[in-house]
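Each protein sequence line maps, in turn, to chains W and Y.
The numbering of the first sequence is my numbering, which starts it at 103 and goes up by one.
The numbering of the second sequence is my numbering, which starts it at 33 and goes up by one.
Written out below as structure tokens is the structure these notes cover.
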Amino acid sequence: MIKPRKKLPGVDAKLLIKDAAKLLPEPSRRLFLRGAASLGALSMLTGCDIIDGPSSEKVLRVISRFNDRVQALLFSETTLAPEYPESAITRPFPFNAYYAVDEAPDIDGTTWQLEIGGLVDNKKPWTLPELNKLPEVSQITRHVCVEGWSAIGSWQGVRLSDFLKMIGADLTAKYVWFQCAEGYSNTIDMPTALHPQTQLTLKFDNKTLPTAYGFPIKIRIPTKLGFKNPKYVTAMYVQNNDAGGYWENQGYNWFSGL
Amino acid sequence: MTIQAASDSPVAPAAAAGPVIHPRWVRITHWINALAIFMMIGSGWQIYDASPLFRFIYFPRQIALGEWLAGALLWHFAAMWLLVINGIIYVTLGLVTGRFRRKLLPIRPHEVVSDFLAALRGKLSHDDLSVYNAVQRLLYLGVILAGVVIVLSGLSIWKPVQLKYLTVLFGGYDAARYVHFFAMSSIVAFLAIHIVLALVVPKSLRAMIFGR
């Protein structure tokens, strides 16, 4: 079902490949909080070695969890992300991942199925033609990357809250977890899953989602940073335990709301 | 009112060393702010490197904080609490006690020019540290305003959806990144002057530590 892809139709790979590797920790960065030279003075000021790796990392992660709660409070289910005219769409819309675009999963849409699990009444898997028959919503919103850059894209698909209601998901559950074809994963909070702009995306710019942007489906969440918008989704679970995510588990903030 | 009384009265029984130049709250918030600014700028440089605004500006990891993007973000969004809470206390006390008004105003352009020229000739007096010259007033007021701008532009980058009207105020998400960067640059420029002059006039450094 999944095989490496050599060429992407209609997509200039050179333009699309961003330096995704700079997000990845080098081996030397493993203790990523230790030893920045500018911190020497900090130790002297405070009289204690608060920058010593494991202990400071622990403190920073506790504060990051606190920031998750602050962001959840700040999140409003009725505040919409700004929408833009078609002329504002960034072309070509950048591809970004921890692998090159020609290593993106090439999924066969005729055999692919979206697996449904967890606290859901109807766990029947969904095929692509079935999803394409559902009512379509559209948005032109800004994708904001954790690196700082942003790009405006046009996405069409099914409103995720409608889909969750349709399959009988327990909307009082805390999380929705997504598994992706290449091994990526994401967990999001239920209030964000139910936000009116959170979308089970099937198209980019009114055309079938290209491989670069997550064929067959992507979860578009304009209220979260880009890395919380999983592509190549193969499974969706509604659950009460936080299953983490690819980047979150490496130290990126869990909520990452905008 | 109690703040006024507490801040203006000498901490210890009037010793022979002269009047208090910086009350205790100024000294405490100053050094907490120094620590917070240091962490915010160091981690901010590392975050900048993940998606630079200018091809010719890059911050080596040795002078940045956090080692890689995730680490720098953890530092940045932890130190922001220290910066903002301490900053709110400082600005509130500065306004309520009247210290800002007394110390920083008025700023007259011709005095700024004449004091600046005197400083270049090395003839600016520092005999009375309790009175700021016109250049100091301008720089101190300017850096406080830069502090307000850097916090507000930072919030509009962090929350361009929940605080979208603030983001609009800065000309949108991408423009707010530039505002945030230039506010940082002006604070770094201030710090370069500020630190050099504190070392050139060591008694001013002593006053910020011991109060007199």
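For glycine and all other residues, C-beta sits at the position ideal for the given N, C-alpha and C.
Nonlocal neighbours in the same chain, by C-beta distance under 6 Å from W/F195, ignoring five residues either side: A253 and G255
Status (buried if at least 16 other CB within 10 Å, exposed otherwise) for W/E249: buried
For W/K305, the first and last residue of its enclosing beta strand (DSSP E): Element bounds for W/K305: Q301 to F306.
Y/L9 burial status per 10 Å Cβ neighbour count (16 or more: buried): A question about residue 9 of chain Y goes unanswered here, because the residues of chain Y that appear run from 33 up to 244.
8 Å Cβ cutoff, Y/V116 in contact with chain W: no
Chain-ordered residues of the region 106–134 of chain Y with a beta carbon less than 8 Å from chain W: L106, W107, F109, A110 and W113
Beta-carbon gap between Y/S75 and Y/A102 smaller than 8 Å: no
Test: Y/A230 CB closer than 8 Å to a CB of chain W: no
Three-state secondary structure (DSSP) of W/V246: strand
Length of the line joining the Cα atoms of W/Q301 and W/T294: 10 Å
Cβ of Y/S83 within 8 Å of any chain W Cβ: yes
Every unbroken alpha helix (DSSP H) inside the region 182–227 of chain Y [4 residues or more]: 196–201
Helix, strand or coil at W/G255 according to DSSP, with G and I counted as helix: strand
Option in Y/I176, Y/K196 and Y/R56 with minimal Cα separation from W/L176: Y/K196
Which residues DSSP lists as bridging W/G220, in chain order: Answer is W/V340.
Cβ distance (whole Å) where W/L327 is taken to contact W/S358 below 8 Å: With a Cβ gap of about 4 Å, W/L327 and W/S358 count as contacting.
W/T289 (DSSP reduced to helix, strand or coil): Of the three classes helix, strand and coil, the one that applies to W/T289 here is strand, per DSSP.
Y/G103 beta carbon near the ligand ADP (any heavy atom closer than 7 Å): This structure lacks the ligand ADP, and indeed carries no ligand of any kind.
Below-8 Å beta-carbon distance, W/A295 vs any chain Y residue: Output row for W/A295: interface = no.
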